[in-house]
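> Per the working numbering, the sequence shown starts with residue 22, numbered consecutively. All C-beta atoms in this analysis are idealised placements derived from N, C-alpha and C, irrespective of residue type, glycine included. Below you'll find the structure I mean.
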Amino acid sequence: FFDSIVIIGHSPPSALNRDFFSAKESGISETVSELGIPVVYIHGSGHKFVEEEQFNNLDHFLRIQIPGRTSNPVKVTIKNSNMFLFDFRDGNTTTQCCENGWPYISKLNDAMLQYGSL
C-alpha cells in the first residue's frame, strides 16, 4: 500500500508515449485515478521549467519538467506520506502550485473525505 508516488522519467508526454500516459486501460492516468493518491511525474527532455497541476485532468496528478542539462538535482521531500515539497537548489526556480507543499492541505482534506483517508 502506498500513500503517495513519485515517478521519475526522461520523456515528456507526447504522441510517441501516449499509451503510457493514457486514461484508457493500462495507462498511468487510469492507475492514478484508481489509486486516488497524490502522484508526481518529474522528467527532463525539455529546455524550460514546466509545472502542470491536474495533469490529465486528475486533481492529484502533478507533472514537473526540469529544464536542460544545467539544472541542479531536485530534492523532493514527502511529509506525512502525502505532501510534496520541492527544492530546486538554484535559488531561482519555484513552483506556482507548490510553495507550501503539494497538494494543498484543503485539497488533501477534500480527498480524505472523498476516499476515506490517504
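Excluding sequence positions up to five away, which residues of its chain have a Cβ less than 7 Å from the Cβ of Gly-30?
Within the same chain, Gly-30 has close Cβ partners Tyr-62, His-64.
> Starting from Arg-84, trace the beta strand (DSSP E) in both directions and tell me its first and last residue.
That run of the beta strand (DSSP E) goes 82-88.
> What's the gap between the Cα of Val-71 and the Cα of Leu-37?
C-alpha separation (whole angstroms): 19 Å.
> Give me whichever residues DSSP pairs with Val-71 in a beta bridge.
Val-71 pairs with Gln-86.
> Could you say which of Phe-23, Asn-113, Met-104, Ile-87 lies nearest to Pro-124 if we only look at CA atoms?
Here the closest residue by C-alpha is Met-104.
> Alpha carbon to alpha carbon, how far is Ile-49 from Phe-76? Give it in angstroms, no decimals.
Phe-76 and Ile-49: Cα-Cα distance of roughly 11 Å.
> Are the CB atoms of Pro-34 and Phe-22 within a distance shorter than 8 Å?
Going by C-beta atoms, Phe-22 is not nearer than 8 Å to Pro-34.
> Does DSSP classify Val-53 as helix, strand or coil?
Helix.
> What does a CB cutoff of less than 7 Å around Ser-32 pick up in its chain, not counting 5 residues either side in sequence?
Closer than 7 Å at the Cβ level, and outside the excluded window around Ser-32, lie Asn-38, His-64, Ser-66.
> Should Pro-94 and His-68 be called a contact, given that it needs their Cβ atoms to be closer than 8 Å?
In this structure, His-68 does not lie closer than 8 Å to Pro-94 by Cβ.
> Since I believe Ser-25 is in contact with Ile-99 (beta carbons under 8 Å), could you give me their beta-carbon distance rounded to a whole number of angstroms?
Going by Cβ atoms, the distance from Ile-99 to Ser-25 rounds to 6 Å, so yes, they are a contact pair.
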